[in-house]
Every structure is written in C-alpha cells, then in structure tokens.
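Taking it in order: structure first as structure tokens, then the write-up.
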Amino acid sequence: GKRIAMMTSGGDSPGMNGAIRAVIRTVIERGCEAYCIYEGYEGLVQGGNLIRKMGWSDVRGWLSEGGTLIGTARCMAFYERPGRLQAAKNMVLNGIDALVICGGDGSLTGADKFRAEWPGLIEELVQKKELTAQQVAPYKHLNIVGLVGSIDNDMSGTDATIGCFSALARICEMVDYIEATASSHSRAFVIEVMGRHCGWLALMAGVACGADFVFIPEKPRADDWQQEMCKVIAEHRKIGKRKTIVLIAEGAHDRHGNKISAEQIKVLLSDPTKCGLSLDTRITTLGHVQRGGTAVAYDRYLSTLQGVEAVNAILDATPETPTPFIAINENKITRKPLVQAVIDTKEVAKAIEAQDYDRAMKLRDTEFSD
Ligand code: ADP
Numbered sequence: 014g015k016r017i018a019m020m021t022s023g024g025d026s027p028g029m030n031g032a033i034r035a036v037i038r039t040v041i042e043r044g045c046e047a048y049c050i051y052e053g054y055e056g057l058v059q060g061g062n063l064i065r066k067m068g069w070s071d072v073r074g075w076l077s078e079g080g081t082l083i084g085t086a087r088c089m090a091f092y093e094r095p096g097r098l099q100a101a102k103n104m105v106l107n108g109i110d111a112l113v114i115c116g117g118d119g120s121l122t123g124a125d126k127f128r129a130e131w132p133g134l135i136e137e138l139v140q141k142k143e144l145t146a147q148q149v150a151p152y153k154h155l156n157i158v159g160l161v162g163s164i165d166n167d168m169s170g171t172d173a174t175i176g177c178f179s180a181l182a183r184i185c186e187m188v189d190y191i192e193a194t195a196s197s198h199s200r201a202f203v204i205e206v207m208g209r210h211c212g213w214l215a216l217m218a219g220v221a222c223g224a225d226f227v228f229i230p231e232k233p234r235a236d237d238w239q240q241e242m243c244k245v246i247a248e249h250r251k252i253g254k255r256k257t258i259v260l261i262a263e264g265a266h267d268r269h270g271n272k273i274s275a276e277q278i279k280v281l282l283s284d285p286t287k288c289g290l291s292l293d294t295r296i297t298t299l300g301h302v303q304r305g306g307t308a309v310a311y312d313r314y315l316s317t318l319q320g321v322e323a324v325n326a327i328l329d330a331t332p333e334t335p336t337p338f339i340a341i342n343e344n345k346i347t348r349k350p351l352v353q354a355v356i357d358t359k360e361v362a363k364a365i366e367a368q369d370y371d372r373a374m375k376l377r378d379t380e381f382s383d
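Numbering (full-length UniProt numbering), first residue to last: 14 to 383.
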C-alpha cells in the first residue's frame, strides 16, 4: 500500500504525540504503511535512520506523553532548495510520497513550498543522475496535510491549535500557586506568559484566573495606561483584595510599538512617586513550564480526531487539491486551505506592526471590550 510519513516540526507542543499516534494507527488501519521522520525537516534532509517504519505498538502510551517523542528541530538546510532536493531524494528512496506535518505556520509554509516544487525537484534529481527515471516514476506528486501544533493558538482559520489548551491550563495552575504566596504577603506579581505575537494565552489566562490587568499585543492600552492600571489596582486593593496579578504577553507593547516590560510595570506598582502605589512587587516569567507536562484532555481529543482526519485528507487528495490543514471550527473538525491560513496569520502580525489594532482584533476574530 501507500507509504505515509508523519513528522513534527518547529516548537514542540503538548498533544503532538497524540497526533503522531492517531496518524500512525489510522494509516495502518487503512492498509497503508506508516513512517515517522525524526527531528523535523532535519530528518528528511539527512535520511538514514531518521526515517523509520512504525508499527501499531510503537506508539503505545503516547497519548499521555508531553512534547514530541520523534523529536523536532529547526532546520536551516530546508530553507534552501539544495536541502529540499536532498529531502525529496530521501523520500523517493524510502518510497514515501505523502506527509502529515504537525508544526507551526513556519513549518507548514515550508511544507507547502516543498509540495509546489516537488515535480521540479524530481526532474532535477533525474537530470543530475541522483535517481533514475524508473525510480521516480511512481512519485509524480507529493501529498501534504498540515496539523497545527502550537501553544500560542496563533494560526488563523482554526479555533484552537494542538497544545494551546494545555499551555493555558499550565499557566492557570502556576498563577494559582503564585496567588497563594501573593495573598499571604499581600504582594503584587507581574507574570509574563508566552504567545509571541499572539495574546490568546494572556487574555484567556486573565479571564480564567481573574487577573487585575492584562496586556496583549493585539490591543494595546490607551496612552495613559500607567494611570489606568494603577487606578484599577488601587480600587481592587481598596475593596480588600490582598493580592495583585498583572499578566503580560511576551509580545505586549504600547500604542506606539514600544515594548512594555515586566520591569516597567514593577516600578509603577512599587515606587510611590509614580502612581502612589507602593506594593511589594515580584516578577515571574513562566517560561518553558508552559510547554511542558502532559496534554490536557482537550488536546488529546483534538490531536486524535485531527490525526484521523489528516489521513483521510491524504487518501482523498488529488494533484489538484490545494494543500489542506486540519482545523477545528465551532466544534467541528474541518479541512481548510493551508496557504490562505498562513497568509491570514501573517496579516495579523502586519496589522500589529502597522499599529492598525482594530484590524488585528478583527483578524483574530475575538470580541474584546475594555
Ligand atoms: P514553526 O513551525 O513553529 O513556526 P519555524 O518557523 O522555526 O517554526 O519553522 C520550523 C522549520 O520549518 C524551519 O527550521 C525550517 O526548516 C522550516 N521552514 C520554515 N519556514 C520555511 C520556509 N519559508 N521555507 C522552507 N522551510 C521553512
């Protein structure tokens, strides 16, 4: 039968192992042969034992393992055509012409480029006598399907990415821990969370943890944000709150594009000459604990359903179908055009850069009032 390979690429996220398990087992169940590419595109470029055949029991127990057990990497060689040529050669040598890739928008962009170039790459391999015409004959087209693995939930076209709800749960847990000590000492904490250009983690954690104030990149506060923040926090203190939690997304900035730092907020909360507050303030950068640990139930469920659908999409694909990625929209697993989603995702970053915040929020499709 057909040989279908699974790969994880870019930043790791909880739930990737669930996706691998679902893809491998669905491939086998459909009578095809399942392969894993280890170490992301690096494995495709290097080949050898980084491309391995997988059996049903090879992925046993993977649902409850965090990260990705087949490794992930950033691969400079794959940005260049010679790297992709080598990757194509390794695919043909292993008899693989269909790939499911779980990664962020960078990884999926690379995948679509690889698919578009495929016929040319194959031709070049024959011209350079790296492979014979006979060897490449069965591999006219490359089928690729994307799964979005990211803790940031930064991909357009899908309501949730694999891993974002696990990271959110971890943040909430950590904020709960911090709150206990904050409350005991009547302290303020400025907590920085991940998300790159996306404020989803900070915003959702703010709601879920009852934070006093939240900063996200898509909707910077008005120019008098210092006074506004201090006023809100002073009011919360006045009604008896013994703890203060300010959440800041790593990409947060003001309306003029200047980064807002945790240090800056700490000074505002602790130096009475600034806004009249003199709170004992600490900074906690949550860092990589947000990506760690096992996937929450939702990410296990999402990665499993999407993994099954990814294999269905591979088996349905014709050379004419544009590369799909598997999304979830209003609780339904869907197939969507990959290229459009990547373009839309980049548009948000562009809107933020151009300080067009209304457009950024609209593209994020988030209702958010002050
Ligand atoms: P993410 O997938 O999490 O967004 P990156 O942007 O770092 O992470 O992409 C992961 C890898 O995907 C890169 O190291 C590179 O090998 C490949 N890649 C990313 N963008 C491209 C591109 N435009 N063309 C070719 N390969 C790419």
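Here a beta-carbon is modelled for each residue, glycine too, at the ideal position from N, C-alpha and C. Bear in mind the structure is a predicted one, so any value in this text is a computation, not a measurement.
- A101 is the residue among C177, A101 and A173 whose C-alpha sits nearest the C-alpha of I50.
- The way I'd put it, the region 192 to 207 does touch the region 245 to 263; three or more beta-carbon pairs between them come closer than 8 angstroms.
- Those residues that have a beta carbon less than 6 angstroms away from any non-hydrogen atom of the ligand ADP are, in order along the chain, S22, G23, G24, Y54, R87, C88, F91, Y92, G116, G117, D118, G119, S120, T122, G123 and K126.
- Here the alpha carbons of A323 and V158 stand approximately 6 angstroms from one another.
- Annotated as distal: I164 and G28, with beta-carbon spacing of 7 angstroms or more.
- Closest by C-alpha distance to D189, out of P337, G56, A364 and L299, is L299.
- In this structure, the straight-line span from the alpha carbon of G320 to that of L160 is close to 8 angstroms.
- In the DSSP assignment, F202 falls outside any alpha helix (DSSP H) and lies within the beta strand (DSSP E) extending over A201 to V206.
- Residue state for H266 is assigned as strand, using DSSP reduced to three classes.
- When DSSP states are grouped into helix, strand and coil, N107 belongs to the coil group.
- The region 223 to 243 and the region 272 to 288 touch, with three or more beta-carbon pairs separated by less than 8 angstroms.
- Ranked by Cα distance from K142, the first of K153, N156, C185 and L98 is L98.
- Comparing alpha-carbon positions, the option among G119, C115, G117 and A111 lying closest to W131 turns out to be A111.
- In the structure shown, the three-state DSSP call for L281 is helix.
- Looking from the CA of S274, the closest CA among L144, Y152, R295 and N325 belongs to R295.
- At least 7 angstroms separates the beta-carbon of A340 from that of T334.
- Around R209, the same chain offers D165, D167, E263 and G264 as residues with beta carbons nearer than 8 angstroms, after the five sequence neighbours per side are excluded.
- Residue range N156 to V161 is occupied by the beta strand (DSSP E) that includes L160, with no alpha helix (DSSP H) assigned at that position.
- A Cβ-Cβ contact shorter than 7 angstroms links S77 with T307.
- Contact between the region 24 to 44 and the region 311 to 320 is established, with three or more Cβ pairs separated by less than 8 angstroms.
- Put simply, the backbone Cα of A86 is about 5 angstroms away from that of E52.
- Taken through DSSP and simplified to helix, strand or coil, Y51 comes out as coil.
- C115 is bridged by DSSP to T21 and L160.
- About 7 angstroms separates the beta carbon of L292 from that of R200, a gap short enough to meet the 8 angstroms contact definition.
- Looking only at A367, G68, V361 and Y370, the smallest Cα-Cα distance to G170 is reached by V361.
- With contacts defined by Cβ atoms closer than 7 angstroms, V149 and V113 do not form a contacting pair.
- About 13 angstroms separates the beta carbon of G80 from that of G23, a gap too long to meet the 8 angstroms contact definition.
- In summary, P151 is exposed, with fewer than 16 beta-carbon neighbours lying within 10 Å of its beta-carbon over all protein chains present.
- Bridge partners of K66 according to DSSP: Y48.
- By the criterion of a C-beta distance shorter than 7 angstroms, Y311 is surrounded in its chain by F178, once the five residues flanking it on both sides are discounted.
- By the beta-carbon neighbour count (other beta carbons within 10 angstroms, threshold 16), R304 is buried.
- In the structure shown, A173 falls within a coil segment according to DSSP collapsed to helix, strand and coil.
- By the Cβ-count criterion, G253 is exposed, with fewer than 16 other Cβ atoms from all chains shown falling within 10 Å of its own Cβ.
- Taking C-beta separations shorter than 6 angstroms and ignoring five residues to either side along the sequence, the partners of G60 in its chain run N103, following chain order.
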